[in-house]
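Structure record follows, encoded as structure tokens.
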Amino acid sequence: MLESLQARYPFQLYRQANQGVSAALNHGLRYAKGVYLSTPDLDDIMLPFSLRIRAQYLDEHPEVGCVGALISYMDCDGNTIKCQSRDYIERLTFDDVLRGAVVVGAPVALYRMQAMRDANGYDPEIKV
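Just so you know, the sequence shown maps onto residues 465 to 592 in our numbering.
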């Protein structure tokens with residue numbers, strides 16, 4: 465299927481043996497050329513301009529390596545079943561993140577590519 469899409473939309477396709485999600489993401493990270501990295505899954509839906517807004521925040525705050533957003537959860541019919549909400553924007557240092565095991569949800573995480581490379585990508589020991 466990907467080969468047929470490749471004929472219509474030019475992109476590079478890299479293959480490797482199945483070694484898990486983290487290894488696959490790290491493999492792709494080696495070839496990525498962009499400034500930012502986002503890894504939404506097939507069933508994730510982003511609001512219009514979501515990436516633009518998060519990228520603009522990273523552009524305006526070069527000291528920040530990752531930004532997220534709030535998530536709305538939907539059922540298979542598209543009905544909202546739960547929404548995250550916050551009354552404030554929280555800025556954390558790397559030490560804060562490590563102490564509190566803060567996780568930015570993968571569907572809304574936008575990483576600065578250099579920050580991902582500086583952190584040596586994803587930990588293949590963590591099974592997703």
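From the three backbone atoms N, C-alpha and C, an ideal C-beta is built for every residue, glycine too.
This structure is a prediction, so every number in the text was calculated from the model and none was measured.
Quickly, what does DSSP pair L574 with across the bridge? List them, please.
The partner list for L574 (beta bridge, DSSP) reads V531.
Distance check for R516 and L574, CA to CA, integer angstroms please.
Spanning the alpha carbons of L574 and R516 requires a straight line of approximately 10 Å.
Give the DSSP-derived three-state secondary structure of L469 in the structure shown.
Reduced to three states, the DSSP call for L469 is helix.
Just to check my reading of the structure: M577 and G492 have Cβ atoms closer than 8 Å, yes? What is that Cβ distance to the nearest angstrom?
Not quite, the Cβ-Cβ distance comes to about 11 Å (not below 8 Å), so this is no contact.
Drop a sphere of 10 angstroms on the beta-carbon of Y478, count the other beta-carbons inside from all chains shown, and report buried for 16 or more, exposed for fewer.
Counting Cβ neighbours within 10 Å, Y478 comes out exposed, since fewer than 16 surround it.
Measuring CB to CB, does V572 end up less than 8 Å from A533?
Yes. Within cutoff.
Rank S468, P588, A570, A579 by C-alpha distance to the C-alpha of L506 and give the top, closest one.
It is A570.
Below 8 Å on the Cβ atoms is my guess for T503 versus L522; work out the distance and round it to an integer in Å.
So it is not a contact: roughly 16 Å between Cβ atoms.
Report the rounded CA-to-CA distance for D587 versus A487, giving the unit in angstroms.
C-alpha of D587 to C-alpha of A487: approximately 8 Å in a straight line.
For the putative contact between L511 and M580, defined by C-beta atoms under 8 Å, what is the C-beta separation to the nearest angstrom?
About 23 Å separates the CB atoms of L511 and M580; that is not less than 8 Å, and the two are not in contact.
Once the 5 residues before and after R518 are set aside, which same chain residues still bring their CB inside 7 Å of it?
The residues are V531, A533, L574.
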